[in-house]
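For reference, the structure discussed in these notes is given below.
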Amino acid sequence: MPDPPAQPAAPKPAPRRAASAAKKVTRREFPFLAIGWGMFTAAMAAGLTAAGRFMFPNVLTEPPSTFTAGFPDDFAIGVVDTRFKERYQVWIVRDEEGIYALSTICTHLGCTPNWLEAEAKFKCPCHGSGFYATGINFEGPAPRPLERVGVSLAEDGQVLIDKSRLFKFEAGQWNDPASFLPLT
Amino acid sequence: MLNRILAPLSAAWKEATDSQVWTSIFRHGKPVSNRNRALVMMSNVFLHLHPVKSRKAGIKLRYTWCMGGITFFLFLVLTFTGLLLMFYYRPTVEYAYADIVDLQEHVPLGIMRELHRWGAHAMVITVWLHMLRVFMTGSYKPPREFNWGIGVVLLVLTLLLSFTGYLLPWDQLAIWAIAVGSNMARATPLLGTEGPLSASLTLGDISLINAGNDARFALLGARSVGQPTLLRFYVLHCVGLPLAAAFLMAVHFWRVRKDGGISGPM
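These protein sequences, in sequence, are chains A and B. 6 is the number of the first residue of the first sequence in the numbering used here; add one for each residue after it. 46 is the number of the first residue of the second sequence in the numbering used here; add one for each residue after it.
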């Protein structure tokens, strides 16, 4: 690399203004600085908020949390109905006294168990938790029974399931009349 | 006889290195002097991140294990193999699993998917070993504590890349792993439905944080693992997280130089 040609001695630069740290903002500068930086901050905040909000759509194509599941006579006594598992994540069970609905979310880590008809139990594929048809846990790592969801009769006489209400056995909530539909 | 072959070669080499093309790319002489060796490092966009000089003891393989270098090499391998996989993989519930099977059965060098998978496992291991080495040699101490912090963020990005990549085959293992793993986001302070303090965010009687707008929802794009989740994880895995990692890696390598060289006690 060739040496750069010798520069003529440059005139001495004018003394720099006082270092920025010591420089005081004048009354005249202050409004411009405040408005400028204020607008910049507001624009950045608005952009970030918009980007965050973008991740939450206004419409979800998920099934509603409340739905009618057919008439009580559609459910046979002693049968675990798995027709609503795929779409609504609930099992509907009828016993001698009436109808209750179980959430399909395993109480261990949140996988979805399967109803094994031959063994009469819910079995979770992830870590092997087992539950009776009542929802009571009896094997595997699950620490508590499956949760039940709200069940009642709609005005037209159909079974109405309300997934937004959850009932925990260990909290004594299975005695709540909203968690059980008595049928004679 | 030998000279008769070598002489023209040598002349051709001289002609090439004297040409305008060559001298416009390499603006310094051969790295035979200390000055030129320094210029090699400083006038190359890739090499200039490295220190111009390193202490011999500091770059001994016994000392560094080359773990940071191996990690970076694996990142490059994963970027390249991942790019190739993207030519065949479609991130939809309908096609994802079938495309993965096709990648192994119907595409030449079906091992590409395995390279990506094993490379990812290896990268997690080498990142940990790199951190172990840095810790054991005390290379995290001042003035390098900021770079240790950058490294911790890079560790998290590596784990997040593994987590997001795990869902993409869309098999049973993937779906349940993400179902279980994303449940942790429920426990985020303030922003998770079951996390501490989130119950205090209310507007009158209405709880502001619920399963439809909490941190887990932002991750999954839905209340449970489904098509929106697959797409979000795909975009994060292929674009968002690699870009963030590349950006921080540039800072990481730059700071290695600025904070006194590759390693060793200060």
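All C-beta atoms, glycine included, are put in the ideal place defined by N, C-alpha and C. This one's a predicted model, so the numbers in the text were calculated from it and none came from an experiment.
Kindly list, in the order they appear in chain A, the residues whose Cβ is closer than 9 Å to that of residue i.
i      : result
B/A263 : G57, M60, F61
B/A267 : L65, T66, E67
With H, G and I counted as helix, E and B as strand and the rest as coil, what does DSSP make of residue i?
i      : result
B/L236 : coil
A/E160 : coil
A/L107 : strand
A/I97  : strand
B/P187 : coil
B/D144 : helix
A/R32  : coil
A/P187 : strand
A/I82  : coil
A/L171 : strand
A/W120 : strand
A/K128 : strand
A/T71  : strand
A/T87  : coil
A/E144 : strand
B/T247 : strand
B/R135 : coil
B/L154 : coil
A/F136 : strand
B/R178 : helix
A/V64  : coil
A/V154 : strand
B/I254 : coil
B/L293 : helix
B/L265 : helix
B/L123 : helix
For chain B, check one thing: does any of its Cβ atoms lie closer than 8 Å to the Cβ of residue i?
i      : result
A/G135 : no
A/E67  : yes
Applying a beta-carbon distance threshold of less than 7 Å, which residues of chain A neighbour residue i?
i      : result
B/V225 : L114, G115, C116, C131
Would you mind sorting residue i into buried or exposed? The rule is 16 or more other CB atoms within 10 Å of its CB.
i      : result
B/F120 : buried
B/G38  : Here chain B has residues from 46 to 311 only, and residue 38 of chain B is not among them.
A/E101 : exposed
A/W120 : buried
B/T62  : exposed
B/A267 : buried
B/L264 : buried
B/N192 : buried
B/L242 : exposed
A/M6   : Caution is warranted here: a pLDDT of 48 is assigned to A/M6, below 50, making its placement in the model unreliable, and the coordinate value is therefore given only provisionally. Exposed, since its Cβ has fewer than 16 Cβ neighbours within 10 Å.
B/L123 : buried
A/P118 : buried
A/F76  : exposed
B/H161 : buried
B/L274 : Looking at the sequence itself, residue 274 of chain B is Thr, so the reference to Leu does not match. Buried: at least 16 other Cβ atoms inside 10 Å.
A/A74  : buried
A/F143 : exposed
A/F233 : Because chain A here runs from 6 to 189, residue 233 of chain A falls outside it and cannot be looked at.
B/R300 : buried
A/V156 : buried
B/D250 : exposed
B/L130 : buried
B/L248 : exposed
How about residue i: is its C-beta nearer than 8 Å to some C-beta of chain A?
i      : result
B/N258 : yes
B/Q65  : no
B/P53  : no
Residues of chain A with CB closer than 8 Å to the CB of residue i, please, in chain order.
i      : result
B/N228 : L114, G115
B/W221 : C116, P130, C131
Kindly say whether residue i, judged by its beta-carbon, lies nearer than 8 Å to any beta-carbon of chain C.
i      : result
B/I251 : In the structure shown, chain C does not exist; the protein chains are A and B.
Original post:
Would the segment 59-74 of chain B and the segment 277-297 of chain B be scored as touching if the rule is three or more Cβ pairs under 8 Å?
Top reply: no
Original post:
If you pair each beta-carbon of the segment 171-180 of chain B with each one of the segment 105-116 of chain B, do three or more pairs fall below 8 Å?
Top reply: yes
Subject >> Cβ contact (3+ pairs, closer than 8 Å) linking the segment 125-145 of chain B and the segment 213-227 of chain B >> reply: yes
Original post:
If we count Cβ pairs, one from each stretch, closer than 8 Å, do we get three or more for the segment 169-176 of chain A versus the segment 136-149 of chain A?
Top reply: yes
Subject >> Validate contact between the segment 98-116 of chain A and the segment 47-57 of chain B using beta carbons, cut 8 Å, 3 pairs >> reply: At 8 Å Cβ cutoff, the stretches do not touch.
Original post:
Per the contact definition of three or more C-beta pairs closer than 8 Å, is the segment 289-304 of chain B in contact with the segment 201-212 of chain B?
Top reply: yes
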